[in-house]
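Asker: Next up is a structure, given as structure tokens.
Residue numbers (my numbering): 223 to 739.
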């Protein structure tokens with residue numbers, strides 16, 4: 223059995239930096255025999271079919287792989303001045319290529335998805351292209367996983383494993399499953415947890431399958447889930463077809479010939495830029511919460527620009543998504559939560575410049591507590607994130623306690639996290655399983671009798687001597703109290719606790735409020 227697994231064609235990956243394990247191609251009989259040999263270990267079954275696909279882009283027919291794992295180099299590089307990015311790239315493909323595949327056995331981008339995402343997270347200002355990357359860091363590592371139909375869990379975990387070994391600061395994962403999965407059945411959640419253990423922040427896209435509730439697929443509390451929002455501009459081109467009908471379409475969007483009638487002629491007006499007075503708002507494709515697994519953990523965390531996003535484009539894929547389109551462009555405008563995710567990742571790198579010692583939880587807290595109040599915690603606010611005064615911090619022990627309180631066995635936790643339940647070691651008030659999270663959410667079966675108590679700990683990262691007074695904006699019918707209502711800090715990094723109590727009734731399915739200072 224050991225000889226078979228060691229065979230190159232059967233062993234897919236060996237994981238060493240995140241957890242100790244392998245991924246192998248086995249028959250059902252071989253898997254059962256292996257399970258019988260592992261008396262003191264845990265065998266995790268992942269589907270052998272491709273069940274992870276990236277967010278749809280533009281035509282909603284293109285599936286790209288894990289092009290979006292963009293890793294920004296460590297913080298020491300901020301002292302170096304360079305006019306070029308230092309780029310590293312890896313490629314993962316465990317399955318044989320399907321027939322007629324257009325993909326290339328290399329990190330080279332044949333879909334456009336990865337190039338677009340990477341340039342958004344870590345791009346430079348490009349003259350006359352109106353393209354400004356958020357990150358001022360030195361470089362990015364792009365990881366390409368799979369082909370048009372998606373990625374294997376084994377490949378996704380290998381990408382996380384290598385990123386951890388590379389010592390990156392930020393992971394941008396424009397990738398998601400087809401449906402919500404348990405935390406330890408989702409390879410992105412597992413990989414992001416091990417990234418967290420090494421102090422690596424993970425930004426993940428919410429997904430693009432519609433506006434139904436509880437459909438979000440990336441919702442682990444240790445990573446940032448990013449929904450898409452519109453921008454205040456829209457780009458239109460009027461096209462008059464042979465049947466004299468006029469269509470307003472976005473540049474590079476194709477219109478089928480058959481809807482133009484029997485006279486195949488076209489008049490194309492010059493593209494125009496307009497203003498959207500209602501923006502920003504959530505587009506219909508961006509997946510919604512609440513959190514399918516843990517309703518008391520708010521997901522998505524924030525919304526970020528994901529509609530009509532202009533960014534870099536490779537020379538191989540057509541800019542319009544039409545197979546016969548042979549035009550080559552350096553930039554393209556597409557949409558999706560895949561485009562929103564790297565905006566947040568680039569913003570995380572920006573925050574890391576000011577606060578290189580902040581934990582992933584502190585960065586997530588910064589995004590959530592200063593967001594412009596809207597969907598999730600609100601719309602990302604790049605200018606305020608580095609300058610806030612309080613953060614809600616959490617360590618890997620807090621997340622393990624959270625998982626333990628939600629029924630995960632010690633054996634499973636030990637196998638996948640390297641640690642077991644240790645509620646007595648919690649430092650942020652999570653003895654009851656309430657994570658020290660920068661939001662409070664409550665799921666109730668009786669809207670006429672709502673009761674909830676939440677313990678939170680805040681860390682002072684602003685002025686050493688500072689005072690904060692709670693300001694509550696409660697929805698109708700709910701009474702929200704904060705005790706104590708005033709927190710007085712005397713030193714930097716000092717931690718103080720408070721309690722939030724909810725009581726009353728609600729008249730709608732979902733209501734929201736805010737707690738500020």
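The beta-carbon is built from N, C-alpha and C at its ideal position, and this holds for glycine as well.
Distance check for residue 527 and residue 445, CA to CA, integer angstroms please.
Answerer: Their backbone Cα atoms lie some 18 Å apart in a straight line.
Asker: Are the Cβ atoms of residue 508 and residue 455 separated by less than 9 Å?
Answerer: For residue 508 and residue 455, no; Cβs fall outside 9 Å.
Asker: Report the three-state DSSP secondary structure of residue 458 (helix, strand or coil).
Answerer: strand
Asker: Contact check, residue 343 vs residue 567 under 8 Å by CB: the rounded distance?
Answerer: Between residue 567 and residue 343 the Cβ distance is about 5 Å, and since that is below 8 Å, they are a contact.
Asker: Given residue 707, which residues of its chain have a CB within under 7 Å of its CB, disregarding the five upstream and five downstream residues?
Answerer: 691 and 692
Asker: How about residue 522 and residue 394: are their beta carbons less than 9 Å apart?
Answerer: In this structure, residue 394 does not lie closer than 9 Å to residue 522 by Cβ.
Asker: Hey, quick one: how far does the beta strand (DSSP E) through residue 623 stretch, first residue to last?
Answerer: No beta strand (DSSP E) holds residue 623; the alpha helix (DSSP H) holding it covers 618-627.
Asker: Does DSSP classify residue 503 as helix, strand or coil?
Answerer: coil
Asker: May I ask which residues mark the beginning and end of the beta strand (DSSP E) holding residue 424?
Answerer: 423-427
Asker: Measure the C-alpha to C-alpha separation of residue 238 and residue 383 and round it to an integer number of angstroms.
Answerer: 7 Å
Asker: Can you list, in chain order, the residues of its chain whose CB lies under 8 Å from that of residue 493, leaving out five sequence neighbours each side?
Answerer: Residues 457, 458, 459 and 473 of the same chain have their beta carbon placed closer than 8 Å to that of residue 493, with the five preceding and five following residues left out of the count.
Asker: According to DSSP, is residue 589 helix, strand or coil?
Answerer: helix
Asker: DSSP on residue 581, reduced to helix/strand/coil?
Answerer: In the structure shown, residue 581 sits in coil (DSSP, three-state: anything other than H, G, I, E or B).
Asker: Near residue 670, which residues of its chain fall below 7 Å by C-beta distance, leaving aside the five closest residues on each side in sequence?
Answerer: The residues are 727.
Asker: Below 8 Å, can you find three or more Cβ-Cβ pairs linking the stretch 573-583 to the stretch 412-425?
Answerer: yes
Asker: Does DSSP classify residue 556 as helix, strand or coil?
Answerer: strand
Asker: Tell me where the alpha helix (DSSP H) around residue 342 begins and ends.
Answerer: Residue range 335-344 is occupied by the alpha helix (DSSP H) that includes residue 342.
Asker: Could you name the residues that DSSP lists as bridge partners for residue 489?
Answerer: 462
Asker: Measure the Cβ-Cβ separation of residue 561 and residue 449 and say whether it is below 9 Å.
Answerer: Taking C-beta atoms as the reference points, residue 561 and residue 449 fail to come closer than 9 Å.
Asker: Quick one: what does DSSP say residue 714 is sitting in, helix, strand or coil?
Answerer: coil
Asker: According to DSSP, is residue 451 helix, strand or coil?
Answerer: strand
Asker: Within 10 Å of its beta-carbon, does residue 341 have 16 or more other beta-carbons around it, so buried, or fewer, so exposed?
Answerer: buried
Asker: What runs of the beta strand (DSSP E), each 3 residues or longer, lie entirely inside the stretch 381-408?
Answerer: Listed in chain order, they are 392-395.
Asker: Apart from the five residues on each side of it in sequence, which residues of its chain come closer than 6 Å, Cβ to Cβ, to residue 242?
Answerer: Cβ contact annotation for residue 242 (same chain, cutoff 6 Å, sequence separation greater than five): none.
Asker: Drop a sphere of 10 angstroms on the beta-carbon of residue 544, count the other beta-carbons inside from all chains shown, and report buried for 16 or more, exposed for fewer.
Answerer: Counting other Cβ atoms within 10 Å of its Cβ, residue 544 stays below 16 and is therefore classed as exposed.
Asker: Beta strand (DSSP E) containing residue 737: first to last residue?
Answerer: 736-738
Asker: Report back the beta-carbon spacing between residue 502 and residue 452 to the nearest angstrom; my notes put them in contact at under 8 Å.
Answerer: Here residue 502 really is in contact with residue 452; their C-beta atoms are around 5 Å apart, less than 8 Å.
Asker: Quick one, which of 535, 470, 516 and 400 has its alpha-carbon nearest residue 495's?
Answerer: 470
Asker: Sort out for me which residues DSSP pairs residue 524 with in a bridge.
Answerer: DSSP lists 448 as partners of residue 524.
Asker: Using the three-state DSSP reduction, which class does residue 410 fall into: helix, strand or coil?
Answerer: helix
Asker: What distance in whole Å lies between the Cβ atoms of residue 414 and residue 447, which are believed to be in contact at a cut-off of 8 Å?
Answerer: Their Cβ separation, rounded to whole angstroms, is 10 Å, which puts residue 447 and residue 414 out of contact at 8 Å.
Asker: Looking only at its own chain, which residues have a Cβ that is under 8 Å from the Cβ of residue 712, when we skip the five neighbours before and after it?
Answerer: 686 and 687
Asker: Pick helix, strand or coil for residue 565, following the three-state DSSP scheme.
Answerer: helix
Asker: From the DSSP output, which residues share a beta bridge with residue 688?
Answerer: For residue 688, the pairing in a beta bridge is given by DSSP as 711.
Asker: Is it true that the CB of residue 627 sits closer than 9 Å to the CB of residue 512?
Answerer: Contact annotation: residue 512 and residue 627 have beta-carbon atoms that are not nearer than 9 Å.
Asker: The beta strand (DSSP E) that contains residue 637, what's its start and end?
Answerer: Counting along the chain, residue 637 falls outside any beta strand (DSSP E), though it belongs to the alpha helix (DSSP H) covering 632-639.
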